[in-house]
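Heads up, the sequence shown is in the numbering used here, so the first residue is 473 and it goes up one at a time. First comes the structure, then the notes that go with it.
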Amino acid sequence: MLNVAVLGFGTVGSGVAEVLTMNKEAISKKVGQEVAVKYILDTREFPGSPFEAKIIHDFAVIENDPEVQLVAECIGGATIAYEFVKRCLQAGKHVATSNKELVAVKGYELLNIAKEKNVNFLFEASVGGGIPVLRPLYFDLAGNEITEVAGIMNGTTNYILTKMLGEGAAFADVLKDAQAKGYAEANPAADVEGLDACRKTCILSALSYGFHVYPDAVPTEGITKISEEDVAIAASAGMKIKLLGRTIKTADGKVCAFVAPNFIPVSCPLAHVDDVFNAILVRGNAVNETMFYGPGAGKLPTASAVVGDLIDAAWHLDARRDLDWADAEPAKMMDVKELELPYIVRTGEDEAKVRAAFGDVQKLAADGYLLPKAMKKADIEKAGLQLTAVRPVFQ
Ligand code: HSE
């Protein structure tokens, strides 16, 4: 029998307990022995919950119980969750987590401990919620040189953008709705300011390029500055506007990662990813282009990925999944301002002046101009024009 401890009984943790219970028979059959929830750690009581009897408040009980082989960390954040995950790994327990902040900030260290202790530290749920993307990226696409990963990877902001732009709903109402549905972070600023997408971009970068990319190396802009003008520009250009996390291998072998609202031509499948759905598009030099699509947040979809990791750990109890990366390599990073990309700029300046600065631009609605060729943002800003917005186009 394999015993699971669930750390945190919030949206994801309660989903993990539910999935492990709902599908207990099938999961146990797949694993080859019974898999059962032994403890659920939380500071709160849950009177009336079917899991009430499993709730405990003392982490040491889990840490010191040799019968607990598998741990699902669903607390979130990189303070107490970091402490508990580290201690679980050091105690020889396998850990699955949905915690993107933890992996983005402490992934290198925790993977090293897992390696030393020959246990698994898995985090499929940390990017794309229920979408299987990290395992395929790291294992199934290992034969490629990854040239770019670009994704709509925050369900809350995609939900907000879809409802605001499609139905004219008010920002505060949609955010409340996303919180009620369990999509938003405890502090939703992490969603709307792009931090959550930034953390996920760090994880995708590390898996793609083999070294840790910390959040402070990823310039990040969220959705709060997207204006009506941006939306009008997008419509006139035959594009949509979406918050993308992108990590790109540049021609000279550097890595450029950033999070920003991007214009996306409607011919690109990413332009059609709406509501809470996420999609992560991967470009590799053998596969060409492949896209992973599905529910990016929510209780059961996220729990689906955590439970998948627990099962994978159960299948690799003695010979751990060979998954790790090196520590940060700042010299290999390129600032997005130095990377040539296609851009749309918005400026109140005379069209003649815009043409004199950038050449044969395409004039769009709301003082928007599509630049005729890819340029460095640093050079665009040096052109001497008053620019209201400079946004990349995903191609
Ligand atoms: N707040 C996150 C989102 C949850 O909206 O995508 C899933 O990571």
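Ideal Cβ placement from N, Cα and C applies to all residues, glycine included.
First through last residue of the alpha helix (DSSP H) which encompasses residue i
i	result
Glu700	700 to 709
Phe866	It is not in any alpha helix (DSSP H) - Phe866 carries neither H nor E in the DSSP assignment.
Endpoints, beta strand (DSSP E) assigned at residue i
i	result
Asn760	760 to 767
Lys510	507 to 513
Asn734	727 to 737
Leu582	Unbroken run through Leu582 is the alpha helix (DSSP H), 572 to 589; no beta strand (DSSP E).
Phe749	749 to 756
Val533	Run containing Val533: none in the beta strand (DSSP E); it sits in the alpha helix (DSSP H), 531 to 535.
Ala477	474 to 479
Three-state class that DSSP yields for residue i in the structure shown
i	result
Thr774	helix
His566	strand
Leu782	helix
Phe523	coil
Met494	helix
Asn721	In the sequence as presented, Asn is not what sits at residue 721; that position holds Lys. Lys721: strand per DSSP, three-state reduction.
Arg516	coil
Glu545	strand
Phe595	coil
Ala798	strand
Lys714	strand
Leu811	coil
Leu789	coil
Ile695	coil
Val745	coil
Val434	For residue 434 there is no data in the structure shown, the boundaries of the chain being 473 and 867.
Proximity below 8 Å, CB of residue i to CB of residue j
i	j	result
Asn475	Glu539	yes
Leu479	Phe556	yes
Gly654	Thr483	yes
Val778	Ala568	yes
Val543	Ala597	no
Gly548	Asn750	no
Ile752	Ile552	no
Met625	Gly766	no
Ala586	Phe593	yes
Ala661	Pro802	no
Ala846	Phe830	no
Ile695	Pro741	no
Ile534	Leu561	no
Ile705	Arg818	yes
Ile736	Phe866	yes
Lys721	Tyr681	yes
Gly601	Gly820	no
Where residue i falls, given that 16 or more other Cβ within 10 Å makes a residue buried
i	result
Ser739	exposed
Phe611	exposed
Asp645	exposed
Gly710	exposed
Asp668	buried
Asn414	Nothing about residue 414 can be read from this structure; the chain reaches only from 473 to 867.
Ala489	buried
Pro864	buried
His529	exposed
Lys743	Here residue 743 is Ala; the residue named in the question, Lys, does not match the sequence. Label assigned to Ala743: buried.
Lys501	exposed
Val759	exposed
Met893	Limits of the chain in this structure are 473 at one end and 867 at the other, which puts residue 893 out of reach.
Mind listing, in chain order, the continuous alpha helix (DSSP H) runs of no fewer than 4 residues lying wholly within the segment 598 to 686? Runs of the alpha helix (DSSP H) inside the segment 598 to 686: 627 to 639, 643 to 652, 661 to 664, 667 to 681.
Output the residue ranges of the alpha helix (DSSP H) runs that lie fully inside the segment 813 to 860 and measure 4 residues or longer, sorted by chain position. If you keep only unbroken alpha helix (DSSP H) runs of at least 4 residues inside the segment 813 to 860, you get 823 to 830, 849 to 853.
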